[in-house]
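For reference, the structure is listed below as structure tokens.
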Amino acid sequence: MQTIQTDLNIEAIRSDFPILSEVVNGKPLVYFDNAATTQKPRAVLDALNGYYEHYNANIHRGIHHLAEKATSAFEASRRRIQEYINARQHEEIIFTYGTTDGINLVAQTYGRAFLKEGDEIIISTMEHHSNIVPWQMLCEEKGCILRVIPINDAGELLMDEYEKMLSERTKFVSVVHVSNSLGTINPVAEIIEKAHQVGARVLIDGAQATSHLHIDVQALDCDFFTFSLHKMYGPTGIGALYGKRELLEAMPPFRGGGEMIKEVTFERSTYNDLPYKFEAGTPNIADVVASKYALDYVASLGKDAIGTYEHDLLTYATDALQSIDGLRIIGTAREKISVVSFVIDGVHHQDTGVLLDQQGIAIRTGHHCTQPLMRRFGIPGTSRASFAVYNTTEEIDRLVQGLYKVKKMLG
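For the sequence shown, my numbering gives the first residue as -18, with consecutive numbering after it.
As structure tokens, this is what we get:
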């Protein structure tokens, strides 16, 4: 085992995550499914309990003490997210159920209002289903045309082909910042700039990017940016959509109900100001409140230190996995986050996952909600190990040893 040099106290960090002390099938848990969801530090768990134990109340509409405290904590999380991604105004932050919900919101509001028959929407080959299906639905309804940026064998976008696609017919571009299946970091700043040159709007799927990379939506100049908190040490069921204020103002509401209105009569209704126009009904208050503590936790460790350590884990794992005969890594882009997808000759990825689980090692197997991408590589799916700041080289060594056992049994 090789030890990675870092200023982070990894053992102290691991102690912040209670679930890492779990035992699975008689073995200490090794959790390498972080691209699906990260584990939660004690600070986030305490924030969830604290809300329910001390100030559980509905927000915005109450004048009693609990309601005011809950409202203050809820809005503090909105401002923390604004700061985290450097949005101009907190009104540009819309709470959603997650990345998928944010993409659907834009497709069903901006798309329905401003796109028409013959308009072209560009996505990429490596998109998650959540950034494919909503646009397909919109195309079926409006008569728009969906175009797809191809990739090379390393899992990198063919940017020259993207440039050829762009024209006055291009009205919207929606691409993933970081591939959940491959780990590829896409050149989103360039994608946005070139789309804007032809007058197209751009949405960035930031689900995999926000926990690994510095995000500055003003510097990127993206029109929309959406992500999920559960992939960055926060609770499930909560995400955020950033949109430029002038666009959000022009878009119709997504859902109707309480909070998103100013006045309702049986004849007509008028809608609330941003951000509440897009936040109908009682929101996921506890998880919104706790999300601030997840972002504070990341900040306490330092984004640069986290990124450097995770990159070193990726390098270590890549080198170690390549020592296994018959193992092939899918996705070898020059710019990657800490995700390694692989296949093993003669071994089905699901069998790999089951046998590793018996050894206490949790990875993800399957198509990772990127079936078109899997078809591009001519495979049904992969085994995927994804690393977070609490993982170690010792755990990677256990993964490699586990894969040798898998190969001995099935290969």
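Glycine included, every Cβ here is placed at the ideal spot set by N, Cα and C.
Identity of the residue in Ile132, Tyr65, Gly218, Ile113 nearest Ile126 by Cα
Your numbering for residue 126 matches position 145 in the sequence shown. Nearest of Ile132, Tyr65, Gly218, Ile113 to Ile126, Cα basis: Ile113.
Beta-carbon spacing of Ala28, Ala38 below 9 angstroms
As a working note, residue 28 is residue 47 in the sequence shown. As a working note, residue 38 is residue 57 in the sequence shown. Taking 9 angstroms as the Cβ cut-off, Ala28 and Ala38 do not qualify as a contacting pair.
In this structure, how does DSSP classify Val370 when only helix, strand and coil are distinguished?
Position 389 of the sequence shown, counted from the start, is the residue given in the question as residue 370. Looking at Val370 - three-state DSSP - the assignment turns out to be coil, as it is neither helix nor strand.
Return the CA-CA distance between Glu34 and Val5, expressed in angstroms with no decimal places.
Within the sequence shown, residue 34 is the residue found at index 53, counting from 1. Within the sequence shown, residue 5 is the residue found at index 24, counting from 1. Their backbone Cα atoms lie some 31 angstroms apart in a straight line.
Among the residues of its own chain, which have a CB less than 6 angstroms from the CB of Arg60, if the five just before and after it don't count?
Looking up residue 60 in the sequence shown gives position 79. Around Arg60: His71.
Is the beta carbon of Phe55 sitting closer than 9 angstroms to the one on Glu101?
As a first step, residue 55 must be located in the sequence shown, where it is residue number 74. As a first step, residue 101 must be located in the sequence shown, where it is residue number 120. No, the pair does not count as a contact, with Cβ atoms beyond the cut-off.
Please list the terminal residues of the continuous beta strand (DSSP E) segment that includes Lys243.
In the sequence shown, residue 243 corresponds to position 262, counting from 1. Segment 242 to 245, the beta strand (DSSP E) holding Lys243.
Just to confirm, are Tyr78 and Ile219 a CB contact at a threshold of 9 angstroms?
For the purposes of this step, residue 78 is identified with residue 97 of the sequence shown, where counting begins at 1. For the purposes of this step, residue 219 is identified with residue 238 of the sequence shown, where counting begins at 1. Yes, Cβ-Cβ distance for Tyr78 and Ile219 is below 9 angstroms.
Quick one: grab the DSSP three-state call for Val169.
Within the sequence shown, the letter at position 188 stands for residue 169. Three-state DSSP puts Val169 in a helix.
Does Thr246 pass the burial test, meaning 16 or more other C-beta atoms within 10 Å, or should it be called exposed?
As a first step, residue 246 must be located in the sequence shown, where it is residue number 265. Exposed, since its Cβ has fewer than 16 Cβ neighbours within 10 Å.
I'd like the span of the alpha helix (DSSP H) that includes Asp27, first residue to last.
What you label residue 27 is simply residue 46 of the sequence shown in a count that begins at 1. Looking at the DSSP string, the run of the alpha helix (DSSP H) that includes Asp27 is 23 to 35.
With H, G and I counted as helix, E and B as strand and the rest as coil, what does DSSP make of Tyr470?
There is no way to answer for residue 470, as the model of the chain reaches only from -18 to 392.
Buried versus exposed call for Met213 [16 or more other C-beta atoms within 10 Å across all chains shown]:
Stepping through the sequence shown from its first residue, residue 213 is reached at position 232. It is buried - the Cβ of Met213 has at least 16 other Cβ atoms within 10 Å.
Would you kindly work out how many angstroms separate the C-alpha atoms of Arg69 and Gln63, rounded to a whole number?
As a position in the sequence shown, residue 69 is number 88, starting the count at 1. As a position in the sequence shown, residue 63 is number 82, starting the count at 1. Each residue's Cα considered, the two are about 7 angstroms apart.
Do the region 324 to 339 and the region 167 to 184 touch if we need at least three Cβ pairs shorter than 8 angstroms?
Short answer: they don't touch.
Helix, strand or coil for Leu139, going by three-state DSSP, please let me know.
Start at 1 with the first residue of the sequence shown, and residue 139 comes out as number 158. Looking at Leu139 - three-state DSSP - the assignment turns out to be coil, as it is neither helix nor strand.
Quick one: give me the first and last residue of the alpha helix (DSSP H) that Thr52 is part of.
As a position in the sequence shown, residue 52 is number 71, starting the count at 1. In the DSSP assignment, Thr52 falls within the alpha helix (DSSP H) that extends over 46 to 66.
Just list the alpha helix (DSSP H) runs in the region 189 to 258, keeping only unbroken ones of 4 residues or longer that don't cross its boundaries, in chain order.
198 to 201, 226 to 231
Below 7 angstroms CB to CB, which residues in the same chain sit around Trp116 once its five sequence neighbours on both sides are set aside?
Working through the sequence shown from its first residue, we reach residue 116 at position 135. Excluding positions up to five away in sequence, the list reads Ala88, Ile102, Ile104, Leu127, Ser155.
Contacting residues, own chain, Cβ-Cβ under 8 angstroms from Met390 (five flanking each side not counted):
On the sequence shown, position 409 is the one that residue 390 refers to. Result list for Met390: Leu336, in chain order.
In terms of residue numbering, what span does the beta strand (DSSP E) encompassing Val157 cover?
As a position in the sequence shown, residue 157 is number 176, starting the count at 1. Counting along the chain, the beta strand (DSSP E) containing Val157 begins and ends at 151 to 157.
Between the beta-carbon of Ala221 and the beta-carbon of Phe76, is there less than 9 angstroms?
Position 240 of the sequence shown holds residue 221. Position 95 of the sequence shown holds residue 76. It is a contact, given that the beta carbons lie within the stated cut-off.
Nearest neighbour of Ile196, chosen from Lys284, Ser250, Phe13 [CA to CA]
Position 215 of the sequence shown holds residue 196. The residue with the shortest Cα to Cα distance from Ile196 is Lys284.
Phe(-2) lies in the beta strand (DSSP E); which residues open and close that run?
Residue numbering aside, residue -2 sits at position 17 when the sequence shown is read from its first letter. Careful: Phe(-2) lies outside any beta strand (DSSP E) and carries neither H nor E.
Please name the residue, chosen from Leu47, Glu73, Arg249, Thr(-13), that lies closest to Ala231 on a Cα-to-Cα basis.
Residue 231 sits at position 250 when you count from the first residue of the sequence shown. Of Leu47, Glu73, Arg249, Thr(-13), the residue nearest in Cα terms is Glu73.
Within the same chain, show all residues whose beta-carbon is closer than 8 angstroms to that of Ser148, passing over the 5 residues directly before and after it, in chain order.
Within the sequence shown, the letter at position 167 stands for residue 148. Around Ser148: Glu101, Val179.
Same chain, Cβ closer than 7 angstroms to Lys243, five either side skipped, listed in chain order
Within the sequence shown, numbered from 1, the residue matching residue 243 stands at position 262. Excluding residues within five positions, the ones whose Cβ falls inside 7 angstroms are Thr251, Tyr252, Asn253.
With DSSP as the reference, please indicate the residues paired to Ser364 in a beta bridge.
Here residue 364 refers to the residue found at position 383 when the sequence shown is read from its first residue. Partner(s): Phe323, Thr346.
In whole angstroms, what is the alpha-carbon distance linking Tyr143 and Lys386?
Position 162 of the sequence shown, counted from the start, is the residue given in the question as residue 143. Position 405 of the sequence shown, counted from the start, is the residue given in the question as residue 386. Roughly 43 angstroms between the two C-alpha positions.
Go through its chain and collect everything with a Cβ distance to Asp(-3)'s Cβ below 7 angstroms, but skip five positions before and after it.
If you number the sequence shown from 1, residue -3 lands on position 16. The answer, listed in chain order, is Pro22, Arg23.
Of the residues Glu240, Pro264, Ala267, which one's Cα is nearest the Cα of Leu255?
Indexing the sequence shown from 1 puts residue 255 at position 274. The residue with the shortest Cα to Cα distance from Leu255 is Glu240.
Closer than 8 angstroms by C-beta to Gly334: which residues in its own chain qualify, once you throw out the five before and the five after it? Chain order, please.
Translated into positions along the sequence shown, residue 334 becomes position 353. Taken in chain order, the residues that qualify are Ile344, Arg345, Thr346, Ser364.
In three-state terms, what does DSSP make of Leu(-11)?
Position 8 of the sequence shown, counting from 1, holds the residue named residue -11. Three-state result, Leu(-11): coil.
Which ranges would you report for the alpha helix (DSSP H) in the region 59 to 122 if only whole runs of at least 4 residues count?
80 to 87
Residue range of the unbroken beta strand (DSSP E) whose run includes Leu294
Here residue 294 is taken as the residue at index 313 of the sequence shown, counted from 1. In this chain, Leu294 is not harboured by any beta strand (DSSP E); it is covered by the alpha helix (DSSP H) spanning 284 to 302.
What does DSSP give as the partner residue(s) for Lys317 in the beta ladder?
Along the sequence shown, read from residue 1 onward, the residue named residue 317 stands at position 336. Beta-bridge pairing links Lys317 to Thr165.
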